[in-house]
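A.B. asks: I have a structure here, written as structure tokens, and I will follow up with some questions on it.
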Amino acid sequence: MSFKQSDLYDKIKMVSEDVINTEILSICPFENITNNRVFKLTAHEKSYIFKIYNSGWPETGKLPFVSMKLDEQQIPHAKIFIFNRENSYFPNGYLIEECLPGTTADRLALSTSETMELFKKIAKLVSKVHKIKLTNYGYIGDGIAEWTTFSEYVYDSFEDCTANLLSHKLISKKEYEKVRHELHYKLSICDQFPAVLCHGDLSLKNVLVNQDDITLIDWDDAHSLCCVADVARLTLWMKLNYDVYSSSAYRKAFLENYKTEYDMSSFEALEDVLHVWYGYDCLNFFVGKPQYENMKSILQKSLSKCEMQVFL
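What follows is the structure, given as structure tokens:
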């Protein structure tokens, strides 16, 4: 079901006022949001976020569960007022949460040294998040993931990471099977790491900066994974968004300040393998988008480092 803008805003206003029990004075859309529609709601004393989902992702139950686990560890986050998939106006669901003060880090004009300090702060915050142990690996849902090993989850979910590439014939079924099996074998080392809460989309666009404080936002892609996977997701994002020198410097700043009770000595060997896994997922998302060729180049380099003879 779709609405004209005025009708849509009326529905947002009606639903929001019923949930938070206060008058909504203005509704302003966020620009350049690719996956869903997101709006800032202004009331008399507070602001709120209203997100309309375009698909069944994230899975039902995840965001309230993640919110509860963050509260248990006293990790600041945006308070969720409602996550609902039972409203006919918004068949894929909607979310209302508080709008925290601050600016996302990707919108700040930071110097190199300021960016270094920011990644040090992010490392310390992510270290706290990774202390949250979960059951099994994969999609969180209401709290219990399905896969008992990380490598099995990667193997079984790889089709989701490549569906768009396969349908557009950008990779062959033979390549898909080869990479899938090699990832399963090479990432079996990760099975030694217990499952922890992982943000799943660590990047500066999901770090809210308010003076000296930072907060991780947008937990839609949260998974139950091993800690090294979440770290590798961030270092891949660095490769995609910075030159080689800057990426290396920011990676070093993060790793030197990231603390975990688990043995990170294998991360150097695992990083490029994890970049292959995440690289296909990103490439799958970037089909038809400007970032595709850059991501393809990064993925090819990771494949080469892992001695995975695949031709994109």
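Residue numbering for the sequence shown follows the numbering used here, beginning at 762 and increasing consecutively. We put the beta carbon where it would ideally sit given N, CA and C, even for glycine. Fair warning: this is a prediction, and the values are worked out from it, not measured in the lab.
1. Can L824 and F811 be called in contact, C-beta distance under 7 Å?
2. Helix or strand or just coil, what does DSSP make of K934?
3. Start and end of the alpha helix (DSSP H) containing R798?
4. Spatial neighbours of E943 within its chain, please: C-beta separation below 6 Å, excluding the five flanking residues on both sides.
5. Measure the C-alpha to C-alpha separation of T783 and Y1011 and round it to an integer number of angstroms.
6. Classify K812 as helix, strand or coil using the three-state DSSP reduction.
7. Are the beta-carbon atoms of V1034 and K947 separated by less than 7 Å?
8. What's the gap between the Cα of S918 and the Cα of H805?
9. Spell out whether any CB of chain D is found under 7 Å from the CB atom of H891.
10. For L879, which residues in the same chain have their Cβ closer than 7 Å to its Cβ, ignoring the five residues on either side in sequence?
11. Quick check: what's the CA-CA separation for L1044 versus W818?
12. Looking only at its chain, what residues have a beta carbon closer than 8 Å to the beta carbon of N967, apart from the 5 residues adjacent to it on each side?
13. From the DSSP output, in three-state form, read off C1067 for me.
14. Where does the unbroken alpha helix (DSSP H) through D779 begin, and where does it stop?
15. Could you give the distance in angstroms between the alpha-carbon of L926 and the alpha-carbon of M1056?
16. Y898 to A1030, Cα distance in whole Å?
17. Once the 5 residues before and after Y1041 are set aside, which same chain residues still bring their CB inside 6 Å of it?
18. State the Cα-Cα distance for the pair F851 and Y814, rounded to the nearest angstrom.
19. Does the distance from the C-beta atom of E858 to that of I841 stay below 7 Å?
C.D. replies: Walking through what the data contain:
1. no
2. helix
3. Unbroken run through R798 is the beta strand (DSSP E), 798-803; no alpha helix (DSSP H).
4. M1069
5. 43 Å
6. Annotated three-state conformation of K812 is strand, per DSSP.
7. Taking 7 Å as the Cβ cut-off, V1034 and K947 qualify as a contacting pair.
8. 45 Å
9. Here there is only one protein chain, and chain D is not present.
10. A866, L871
11. 19 Å
12. T865, H960, L977, I978, D979
13. coil
14. 766-781
15. About 13 Å.
16. 21 Å
17. C922, T923
18. 8 Å
19. Between E858 and I841, the CB-CB gap stays under 7 Å.
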